[in-house]
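Engineer:
Residue numbers (our numbering), protein chains in the order written: chain A, 5 to 432; chain B, 5 to 432.
1. Which chain A residues sit within Cβ distance under 7 Å of residue 427 (chain B)?
2. To which residues of the same chain is residue 354 (chain A) closer than 7 Å at the C-beta, ignoring the five residues directly before and after it?
3. Give the DSSP-derived three-state secondary structure of residue 45 (chain B) in the structure shown.
4. Which chain B residues are close to residue 312 (chain A), counting only those with a beta carbon under 7 Å from its beta carbon?
5. Taking the straight line between their C-alpha atoms, what separation do you get for residue 356 (chain B) and residue 325 (chain A)?
6. Run through chain A and tell me which residues come within less than 7 Å of residue 114 (chain B), C-beta to C-beta.
7. From which residue to which residue does the alpha helix (DSSP H) around residue 350 (chain B) run?
8. DSSP beta-bridge partners for residue 380 (chain B)?
9. When the Cα atoms are used, what is the spatial distance from residue 431 (chain B) to residue 270 (chain A)?
10. Look up residue 291 (chain B) in the DSSP assignment and say whether it is helix, strand or coil.
11. Just to make sure I have the definition right: I need the residues of chain B whose C-beta is within less than 7 Å of the C-beta of residue 349 (chain A). Which are they?
12. From this set, B:7, B:98, B:20, which residue's C-alpha is nearest residue 396 (chain B)'s C-alpha?
13. Hey, how far is the Cα of residue 158 (chain A) from the Cα of residue 53 (chain A)?
14. Report the CB separation of residue 195 (chain A) from residue 223 (chain A) in whole angstroms; it is logged as a contact under 8 Å.
15. Buried or exposed for residue 56 (chain B), please, with buried defined as at least 16 other CB atoms from any protein chain shown within 10 angstroms of its CB.
16. Counting contacts by CB-CB distance shorter than 8 Å, is residue 423 (chain B) in contact with chain A?
17. Under the three-state reduction of DSSP, which class applies to residue 159 (chain A): helix, strand or coil?
18. For residue 420 (chain B), go through chain A and note every residue whose CB falls closer than 7 Å to its CB, in chain order.
19. Can you give the Cα-Cα distance for residue 417 (chain B) and residue 110 (chain B), rounded to whole angstroms?
20. So what's residue 333 (chain A) in DSSP terms, helix, strand or just coil?
21. Quick check on residue 96 (chain B): buried or exposed, where buried means 16 or more other Cβ atoms within 10 Å of its Cβ?
22. Unbroken alpha helix (DSSP H) runs of length 4 or more, entirely within the region 253-293 of chain B: which are they?
23. For a minimum of 4 consecutive residues, which ranges assigned as the alpha helix (DSSP H) are wholly contained in the region 100-166 of chain A?
24. Tell me whether residue 334 (chain B) is buried or exposed, calling it buried when 16 or more other Cβ atoms sit within 10 Å of its Cβ.
25. Is the shortest distance between the beta-carbon of residue 167 (chain A) and the beta-carbons of chain B less than 8 Å?
26. Along the chain, where does the alpha helix (DSSP H) containing residue 188 (chain A) start, and where does it finish?
27. Which residues in chain B sit within 9 Å of residue 403 (chain A), going by Cβ to Cβ distance?
28. Where does residue 317 (chain B) sit, in a helix, a strand or coil, going by DSSP?
29. Which residue marks the beginning of the beta strand (DSSP E) containing residue 374 (chain B), and which one marks its end?
30. Roughly how many whole angstroms lie between the Cα atoms of residue 361 (chain B) and residue 207 (chain A)?
31. If contact means a Cβ-Cβ distance below 7 Å, which residues of the region 235-260 of chain B contact chain A?
32. Within a Cβ cutoff of 6 Å, which residues of the same chain sit near residue 133 (chain B), ignoring the five residues on either side of it in sequence?
33. How should residue 152 (chain B) be labelled, buried or exposed, when 16 other C-beta atoms within 10 angstroms of its C-beta is the threshold for buried?
34. Buried or exposed: where does residue 33 (chain A) fall if 16 or more other Cβ atoms within 10 Å of its Cβ makes it buried?
35. Using the beta-carbon of each residue, which ones in chain B are nearer than 8 Å to residue 207 (chain A)?
36. Tell me which residues share the same chain as residue 65 (chain B) and place their Cβ nearer than 7 Å to its Cβ, disregarding the 5 neighbours each side in the sequence.
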């Protein structure tokens, strides 16, 4: 069987499974999720053995220490995966929510309700826990998943998926076994093949570096929901409480710089630049932040960090659109909210941007005009997260404008349909 | 300037205009829409002259009579376009709707509000009224449009767009003139060029025949919302009121067969086939409907239409997935609701499907399991329409599952963003 035939068969089985999934009750699904959690714990020795094979592969591929760490499973990480499944089981049902109702003049009653999307392809890099996380969120929302992790994680991913399925089948014999499938080959051509199958695949969600996501988007014929990168801004307005601004900038940059909702650039209003830049730079120097600063801000930053482990240099054109994932911060001085918004639209990634100000009119303008998935007034950009939004779990963050935008929890893994209830209505 | 540069410039200007559009008040937009309506009426002589040029082109291209009719403008059609604009002006504002609010334990208030999508490319075939309809709905929702009609309608489309813009500018000098743009070339390569510009274009909506829509979807790197075709079903269940079923089938097939929500196939439960098929066939023969019937239904249909102008033949495999847009109906006998659902999933287009039954349990199963944008119980499939749903206007119908599904009115032309209102919250 050629690759295209193999992928077609995989996707066709996923679509058939999605029809069966749509019929499961919430209780049955939650029972399966709890059984899956127990199953993962029980499978710990086997999972560690499969993961050891992957770690060998990773070593032979020359993965970095950080990548090897992401690939590794241990009993704590397996327990955390299981705990994640139990939490998904305890979340409210997302299907069948009534999103709108209308009664038309002819008596036809219309109801808009949330439904599964259908078949979802998830493409991700090494972390094997994504297999359980993504599969469980999709399962809870009645979606069949086709999972494609990194080739270095294939043994772990396959065994995780097999464990989820066998555990679910043990408590629910009619659990559709193709509801969760791992792409069985590491062939790179499997991705374009799968993503050409518009008759079976309804959505693709790539998670990982910008290169992976761009390659997936480029080849896909099915809808893709993603964010390429997070170039997030904090704008310190002239009317900002500077102590608050300092805390927010420090948090947005330093609390966890590797995340997509961490800030990469601070825009400081000229009116407060002289007072704010030194205190900001001094505070960030406690974390050895490296500054890439525009000509106007560079001198006072350089002065403020003298004698610390921080360094500063002139920002170059590329810096403004770079996601560092590290203790590096761009700084620019701007003239008022319009310039700040202009900078964000020019260089930002439409992810998360914040303003710090006591001026409500200016804040409202910023919140209205900045065209990003999440915009904050007097709060850190780090809040763009399913857990922080009370979604209970998150399968990813979207900067797209069609379909889900911002953090994606269970509700964002749903589509909808219209149901019409008539008594014989026909159209005149 | 090469084609790619030209399209990039067009899209870049549209994105800039979309930023300005997002700032216009509802009142300003409605004032512009009414001025556009007046402007179209005032421009009638010029529009007729431009359309006459297009009709010459159409003639030289050998367009059919039906296509020439669709291309033609007259004073009534121009008046109808203007009336459409006035109706859009009178619809409620779709932006800024609060879709969700949450207050988090840390006091952060979150609000999910509707926003423009951004830049929308509309690709359509000859009817020039789409230019005004689509541009007005997109304008009302703060979206910049790039319009690509048929090459035979280029003169009409350009003048309609120019008239809309100049009329709006006359009452609102800061109306962004690139909010509505017509692709200035008939070069076919303009479409893939435009739809590769993911940094500027947010959505493409193709409207027209399946071939056009497949070609657009195939080449696009930006999200596409569409329906390929409408293969809609009416399922007459064993517990159907057969008089009601006859009316619904007659309406779904014959009230306007050229539409995408007209029925192509009737599925009749074996239990009522002997009683229903003859009356259905006799009724449809009053409109000379041609029947493509399965082996089981063909004899009784053939018998019932004897002596009428209807004809019947055995259905072939291709028929079940064909949208006829005409007085042709497929008929199959099925065994219960599960077979009906299976047939619909196998051959349907996920558009609109109806069940006729007095059995609530069966109806609920059909409404839950049939995976289509709109599903009806005891009502005609013909109701899938923005006007019939009370949306006031419709820019199209989607069978996609990511983004809008079913009829698309103003609300469906919106995206959303999250706004966070803090008092200095940072993430611990």
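Glycine is no exception: its CB is placed at the ideal position from the N, C-alpha and C atoms.
Structural biologist: Concretely, from the data shown:
1. 382
2. Result list for residue 354 (chain A): 375, 376, 377, 403, in chain order.
3. helix
4. Near residue 312 (chain A) there are no residues of chain B at all, since even the closest Cβ is about 22 Å away, more than 7 Å.
5. 45 Å
6. 393
7. 340-351
8. A:424, B:358
9. 18 Å
10. coil
11. 23
12. B:98
13. Taking the straight line from one Cα to the other gives about 13 Å.
14. 7 Å
15. The C-beta of residue 56 (chain B) has fewer than 16 other C-beta atoms within 10 Å across all chains shown, which makes the residue exposed.
16. Chain A places a beta carbon closer than 8 Å to that of residue 423 (chain B), counting this residue as a contact.
17. Note: residue 159 (chain A) maps to helix in three-state DSSP.
18. 409
19. 34 Å
20. strand
21. exposed
22. 274-289
23. 133-144
24. By the 10 Å Cβ count, residue 334 (chain B) comes out buried.
25. No, no contact with chain B.
26. Unbroken run through residue 188 (chain A): none, as it is neither H nor E.
27. None at all; the shortest Cβ gap to chain B is about 10 Å.
28. strand
29. It is not in any beta strand (DSSP E) - residue 374 (chain B) carries neither H nor E in the DSSP assignment.
30. 34 Å
31. 248, 251, 252, 255, 259
32. 85
33. Per the 10 Å Cβ criterion, buried.
34. Burial call: buried.
35. 405, 406
36. Counting only Cβ-Cβ distances below 7 Å, and skipping sequence neighbours, we find 156.
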